[in-house]
Each structure stands twice: as C-alpha cells, then as structure tokens.
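See structure below.
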Amino acid sequence: RQTRWEATRLRVDALSASNHLQQHEAVVAGYQALLDAGIEVPAYILGTVGDSLLALRRPAEAVPVLERAIAHTPHDVNARILLGYAFIETERFDRALPLFESLAASQEAWPRHAGARSGYENWDRYSADLNHALAQSYANDNARAEAMLQTQIGIGPGNPGLQAAYGAVQSRRLRPSAALERYDMALTMAPQDRDALAGRVGALTALDRIDEARDALAALQQTHPEDPRLDRVER
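Here you go:
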C-alpha cells in the first residue's frame, strides 16, 4: 500500500519522464493537477516544469516557476540558464544578459578539490559560456556572440554543440552558406544533433535549395519526431 507521499512521488517523477519524452503538454497538465489537488510540489521538479513551459512557448508562466526553483537550489546552473531564456522570450534582456554574465563568472573552468593535484572539467562553465554567447545573439549583438563562440571553438573544435551554435549565429548574420557548413560539421560528429538538423532546414531555405530543405526537414522529423520546433521549422 502506498502512502500519500509515495503516490505523490510517482506523479512527480512521471513529470520528469514526460519531459524527457518531449511530452510537454503532459508535464504542464500534470503539474497543474498537483496544484489543483493542494499538493505542495517538490522543488526538485520545478526546473523540469519550467523547461516544458518554455518548450510550449509560455515564458511568462515559466519565470515564477523557475524563480522558485532557484530559490530552493541557488547553484542549479541549468535552472538559471532556463530562467535567462524565459527572460529573453519575454523581451526582458535587461534581466537576461546580466544573469548569463554573472552565471558564467561564477563558474570556474577547472575547479580543484582540496588537496587535489589538478582541477576537474567543469561542464557547467561550458554551458554557461555557450548560453551567454547565444544570449548575446538573441539580443542582436551577433558580432560579440560570434567572437565569444570563436574563442570556444578554438579550444574545442570537435564539439558538435559549439559548431551548431556557431552555425545559428552565422544564420542570424545572414550568412546561410557559412551556417550550413557549420551544421554539416556538427552532423559529421553527431549525426542526430537536433539543433544542427533543424538549422540545416533554415539555411537551405535561405539558399533557395528548397528540395534539399524538404529532405532536411524529413530527416529532422524522422530523427526527432517529438521536437517542439517541428511545426515552426516546417512553416
């Protein structure tokens, strides 16, 4: 027999599973059902709910959820990144850009445990730097975003996420050929990279290579049929 907490825990963990399956409507509906039942939703799932709200393009609702998540876990880098994007989506660049900048500054690249001979790789710093650069691009400072990403690519040229991000900035700078080159580089290293697959559709369309763009869309649909961007990319 389940206690009430065990039953609640199953419902909460189901939200995490649904989020991994890109079933964002189910996540938000399940979260609202918990609230309607008067259940205090555990803080550890709030970042997941905020992620799904962003995927559904409901950033104004995501902001307070993510702020509550960060209040409980101030060092949650992923939740802070999501909050930054929620601010961007609500046109609050005055809050988003300082958030991304302070987040990157707060993360050592090679932190060292007491007594350790060397530091360890801090992938939170990588995420903070990458998203700080992309935030600059969303704020239309594409020149700065490109410079920031070039620095990172100089360190990790074999990182497909960096190449796809650089392609996105090239696309925003109206350089579809350069963007396509970067997306293809990313896919050479990671054939299922969803950002690169989605980016190729736009780059090929901008180059008026429509038949190839349709093929690229079909590849995205086949590889990531649950991707919330599909309708926008197809339009």
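Just so we're aligned: 1582 in the working numbering is position 221 of the sequence shown, and the numbers increase by one with no gaps anywhere.
Heads up, the beta-carbon is just placed ideally off N, CA and C, and yes, glycines get one too.
All figures in this text were calculated on a predicted structure; none of them were measured in a lab.
- Unbroken alpha helix (DSSP H) runs of no fewer than 4 residues, entirely contained in the stretch 1394-1451, are found at 1407-1416, 1420-1433, 1438-1450, following chain order.
- A distance below 7 Å between beta-carbons, with the five flanking residues on each side excluded, links Y1544 to the following residues of its chain, in chain order: A1525, G1528, A1557, G1560, R1561, A1564.
- Between L1443 and D1412, the C-beta gap is smaller than 8 Å, which places the two residues in contact.
- Burial check for G1445: the Cβ neighbour count within 10 Å reaches 16 or more, so the residue is buried.
- Taking 8 Å as the upper bound for CB-CB distance, G1391 and R1372 are in contact here, some 7 Å apart.
- By the neighbour-count criterion, in which a residue is buried when 16 or more other Cβ atoms sit within 10 angstroms of its Cβ, S1463 is exposed.
- R1590 sits in coil when the DSSP states are folded into three classes, being neither helix nor strand.
- One thing to note: A1540 has its Cβ within 8 Å of the Cβ of Q1531.
- Our two residues, A1551 and A1504, have alpha carbons roughly 26 Å apart in a direct line.
- For D1588 and Q1513, the gap between their C-alpha atoms comes out near 27 Å.
- Leaving aside the five residues that flank V1402 on each side, the residues in its chain whose CB is nearer than 6 Å to its CB run, in chain order, L1395.
- No Cβ-Cβ contact shorter than 8 Å links E1469 with R1456.
- For the set G1476, I1431, L1458, A1475, the Cα lying nearest the Cα of D1502 is the one of L1458.
- The shortest C-alpha to C-alpha distance from E1452 to any of P1472, A1496, E1542, E1482 is the one to A1496.
- Here P1521 is buried. Its C-beta has 16 or more other C-beta atoms within 10 Å.
- Non-local beta-carbon contacts of L1376 in its own chain, meaning distances under 7 Å to residues more than five positions away in sequence, involve V1388, G1391, Y1392, I1406, T1409, V1410 in chain order.
- Leaving aside the five residues that flank A1567 on each side, the residues in its chain whose CB is nearer than 6 Å to its CB run, in chain order, P1537.
- R1441 places its beta carbon 8 Å or farther from that of L1415.
- Around the beta carbon of A1421, a 10 Å sphere encloses fewer than 16 other beta carbons of the protein chains shown; the residue is thus reported as exposed.
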